[in-house]
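Engineer: Residue numbers (my numbering), protein chains in the order written: chain A, 1 to 289; chain B, 1001 to 1261.
For every residue, glycine included, the Cβ atom is placed at its ideal position computed from N, Cα and C.
I am attaching a structure below and will ask some questions about it afterwards.
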Amino acid sequence: MIWDALFAPFADFAFMRRALLGCLAIAIGSTPVGVFLMLRRMSLTGDAMAHAILPGAAIGFLISGLSLGAMTVGGLIAGMIVALGSGVVSRMTALREDASLAAFYLISLAVGVLIVSTRGSNVDLMHVLFGTVLALDDAALILLCSIASLSVLTIAILFRPLVLECADPQFLRSVSGLSALTHFVFLGLVVANLVAGFHALGTLMAVGIMILPAAAARFWAAGIGSLILCAACVAVLSSVSGLLLSYHYSLPSGPAIILAAGIVYILSVFFGPVGGIITQALPRRHFET
Amino acid sequence: MGRLFLGDSSAGCVLMAALAFQDLTLGYDRHPAVHHLDADIEAGSLTAVVGPNGAGKSTLLKGVTGALSPLEGRVSFGGLSRDDIAYLPQQSDIDRSFPMSVMDLVAMGLWREIGAFGWLGRKRRDRVEGAIAAVGLTGFERRPIGSLSGGQMQRTLFARLLLQDAQLVLLDEPFTAIDMRTMADLIGVVRRWHGEGRTVIAVLHDHDIVRAHFPQTLILARELVAHGPTARVLTTENHARARAMCEACASVPHICGKTAA
């Protein structure tokens, strides 16, 4: 019974195993990025970036059809242009990062919509929007795993400057020239992970696996290491349960995974031991001074 | 050592100057906040920068750190480089909600030694604990920075400054909004730096503190009002002059006719 519900789908079907591997790669690669986005109050940046890579992927799709390479490269280029452009504007002028990012991603989105509509074909963009986690081929899996490994490795290397860039950017700038580099590498990781994510979950859902586990983890852990660990666990848990839900009830897998993460998030808001609503409401005696 | 001078002296290079402002104009969007400043800060001196609000005191420190490039003139360092500067801004943009302990924050003072990738190690950890003890925060090492009071945060930042081990320390209103006890402790740290021969420049508003602890004073009202030994410089007349000068320059801007020296 339990075997049938939880393990049989993966044991019996190769496409489920592939989907699981792809989701695990995305979960592990993008959750540390999501935690840093959340700590830098840039959670919505992920969303903006997802919109920014959409036109790039669409252009890639128009040029060479449903090609992994073209769509990846297109998405990466569009995302990097938006990340670099908004970063440069916010560092060189008085405009804040949020406003300059909004400006750039809207331009990118408009360009994408323009290109798609003037080409006039009934382009099937459903793939880009909603992903195809149940049809990941070898090349896609290798891409997802490579991006995840690269992302985890880069965060490990840049951990200290990244933490300082979040906590005290002024100090980092005063002691080191790494501030700008760290920021742009980080934005690059956001883009890379979203591009990886859209192959499996689609551009819109890819943000979900990045941000929701991080937001949920905030109610379970306080330190930065434990936040990342906790977020990764939430992401893995939601990937597995989302895939199972989609298998048993014939639901689209991307939204099922993100909804699973959403449920974990909502439960965490109520029951999380670190500042959850119910924990706060519990009558607890305060400590002596 | 060196030479002390008063007023708008255009005296040449003092031999032991740690820092020289040469016809320095700093500002934002062409509006000068520091205007044609000439002054030398002696190596090893302990200088208070005073002046009314909007006199350009913080701007001057930003000019020294390099965060702001001069509109005209220059800041020159005698034998020091920008790497020898430790700077405590007036309002640090530290994200207090970031999950980071006092220990972690203070340890970052060792950045020049360990950089982005170096190992902290046992010995350096001891030094971090020593710095935390020196500012009276022993026992707070594991506390998250979000749980600190204003005074404790300021002590934490001083501990980080201690570890930065800089030859030139710039403090922008370091004693605002903290209690007497904390202030006394932190002044102790500043005096210790002075005793070790470091050059310290602090922007201050409390004239009693300046008189009691700072041998040198520089009065700024966008332009230099006076600079020299505190007892000689920190007078009611100079103070009134500074205020008058600051009010006078609040008018409609026009292109400055003063040419570079």
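1. For Ser86 of chain A and chain B, any beta-carbon pair shorter than 8 Å?
2. In this structure, does DSSP put Ala1048 of chain B in helix, strand or coil?
3. Measure the alpha-carbon distance for Leu153 of chain A versus Ser239 of chain A and round it to whole angstroms.
4. Among residues of its own chain, excluding the 5 on either side of Trp1193 of chain B, which ones have a beta-carbon nearer than 7 Å to its beta-carbon?
5. Helix, strand or coil: which one does DSSP assign to Ala1055 of chain B?
6. Do the CB positions of Val33 of chain A and Asn193 of chain A come within less than 8 Å of each other?
7. Using 8 Å as the threshold, is the C-beta distance between Met16 of chain A and Leu243 of chain A below it?
8. Here's the rule: buried if 16 or more other CB atoms are within 10 angstroms of the residue's CB, otherwise exposed. What is Met1001 of chain B?
9. Measuring CB to CB, does Gly1151 of chain B end up less than 8 Å from Asp1179 of chain B?
10. With a cut-off of 8 Å on the beta carbons, I'd call Arg218 of chain A and Met38 of chain A a contact; round off their distance for me.
11. When you compare only the Cα positions, how much space is there between Leu1052 of chain B and Leu1220 of chain B?
12. Does Trp1111 of chain B have its Cβ less than 8 Å from a Cβ in chain A?
13. Can you find the residues in the same chain that come closer than 6 Å, C-beta to C-beta, to Asp1008 of chain B, ignoring five residues on each side of it along the sequence?
14. Which value, in whole angstroms, describes the spacing of the CA atoms of Thr1217 of chain B and Leu1234 of chain B?
15. Please go through the same chain and pick out, in chain order, the residues whose beta-carbon is closer than 7 Å to the beta-carbon of Leu164 of chain A, but skip the five residues on each side of it.
16. Pro169 of chain A versus chain B: which residues are under 8 Å apart at the beta carbon?
17. Nearest-angstrom Cα distance between Pro1089 of chain B and Gly177 of chain A?
18. Check the Cβ-Cβ distances between Cys230 of chain A and every residue of chain B, and say whether any is below 8 Å.
19. With Phe184 of chain A as the anchor, note down where its alpha helix (DSSP H) starts and where it stops.
20. When you compare the CB of Phe1158 of chain B with every CB in chain A, is at least one pair closer than 8 Å?
21. Using 8 Å for Cβ pairs, my map puts Ala1116 of chain B next to Leu1163 of chain B. What's the rounded Cβ distance?
22. Could you check where the beta strand (DSSP E) with Ile1041 of chain B kicks off and where it finishes?
23. Would you kindly work out how many angstroms separate the C-alpha atoms of Val73 of chain A and Leu109 of chain A, rounded to a whole number?
24. Just to confirm, are Val133 of chain A and Cys23 of chain A a CB contact at a threshold of 8 Å?
25. Can you tell me which of B:Gln1167, B:Val1075, B:Leu1148 puts its alpha carbon nearest to the alpha carbon of Leu1037 of chain B?
26. Looking at the unbroken alpha helix (DSSP H) that takes in Phe271 of chain A, where does it start and where does it end?
27. State the beta-bridge partners of Thr1217 of chain B as determined by DSSP.
28. Give the single residue among B:Arg1030, B:Leu1019, B:Gly1054, B:Leu1024 whose Cα lies nearest to the Cα of Asp1040 of chain B.
29. For Ala232 of chain A, does the three-state DSSP call read helix, strand or coil?
30. Exposed or buried, what is Val113 of chain A when buried is set at 16 or more other beta-carbons lying within 10 Å of its beta-carbon?
31. Let me confirm a value: Tyr265 of chain A is counted as buried when at least 16 other C-beta atoms fall within 10 Å, else exposed. Which label applies?
32. Does chain B have any CB closer than 8 Å to the CB of Val175 of chain A?
33. Excluding sequence positions up to five away, which residues of its chain have a Cβ less than 8 Å from the Cβ of Arg1243 of chain B?
34. Going by the DSSP bridge assignment, what does Ile1026 of chain B pair with across the sheet?
35. Closer than 9 Å, Cβ to Cβ, to anything on chain A: give me those residues from the stretch 1133-1156 of chain B, in chain order.
36. Could you tell me whether the Cβ atoms of Ile1085 of chain B and Val1064 of chain B are closer together than 8 Å?
Structural biologist: With the given structure in hand:
1. Not an interface residue.
2. Here Ala1048 of chain B carries a strand assignment [DSSP, helix/strand/coil].
3. Approximately 22 Å between the Cα atoms of the pair.
4. Val1169, Val1200.
5. Ala1055 of chain B falls in the coil class under three-state DSSP.
6. Contact: yes.
7. One thing to note: Met16 of chain A has its Cβ within 8 Å of the Cβ of Leu243 of chain A.
8. Because the pLDDT of Met1001 of chain B is 40, which lies under 50, any placement of that residue in the model is unreliable, and the number read from its coordinates should be weighed accordingly. For Met1001 of chain B, the number of other beta carbons within 10 angstroms of its own is below 16, and it is reported as exposed.
9. Yes.
10. About 7 Å separates the beta carbons of Arg218 of chain A and Met38 of chain A, which is inside the 8 Å limit, making them a contact pair.
11. The residue you asked about is not Leu; residue 1052 of chain B is Pro in the sequence shown. Straight-line Cα distance between these residues: approximately 8 Å.
12. Yes, its Cβ sits closer than 8 Å to a Cβ of chain A.
13. Note on Asp1008 of chain B: pLDDT 39, under 50, position unreliable in the model; no value is reported.
14. The straight-line gap from Cα to Cα measures roughly 7 Å.
15. Phe171, Leu172, listed in sequence order.
16. Going along chain B in sequence order, the residues near Pro169 of chain A (Cβ under 8 Å) are Asp1093.
17. Straight through space, the alpha carbons of Gly177 of chain A and Pro1089 of chain B are spaced by roughly 18 Å.
18. Closer than 8 Å: no.
19. Note, Phe184 of chain A: alpha helix (DSSP H), 178-200.
20. Under the Cβ distance rule, Phe1158 of chain B does not count among the residues neighbouring chain A, no pair being separated by less than 8 Å.
21. So it is not a contact: roughly 16 Å between Cβ atoms.
22. Going by DSSP, Ile1041 of chain B is part of the beta strand (DSSP E) stretching over 1031-1042.
23. Cα to Cα, Val73 of chain A sits roughly 17 Å from Leu109 of chain A.
24. For Val133 of chain A and Cys23 of chain A, yes; Cβs fall inside 8 Å.
25. Per the Cα distances, B:Val1075.
26. Per DSSP, Phe271 of chain A belongs to the alpha helix (DSSP H) from 253-271.
27. Beta-bridge pairing links Thr1217 of chain B to B:Ala1048, B:Gly1228.
28. A check of alpha carbon separations from Asp1040 of chain B across B:Arg1030, B:Leu1019, B:Gly1054, B:Leu1024 identifies B:Leu1019 as the nearest.
29. For Ala232 of chain A, the three-state secondary structure derived from DSSP is helix.
30. Result: exposed.
31. Buried: at least 16 other Cβ atoms inside 10 Å.
32. Cβ-Cβ to chain B under 8 Å: yes for Val175 of chain A.
33. If we look at Arg1243 of chain B and ignore the five residues flanking it on each side, its Cβ neighbours are Pro1052, Ala1221.
34. Note that residue 1026 of chain B is Leu in the sequence shown here, rather than Ile. B:Val1034, per the DSSP bridge assignment.
35. Hits within the stretch, in order: Pro1144, Ile1145.
36. Between Ile1085 of chain B and Val1064 of chain B, the C-beta spacing is below 8 Å.
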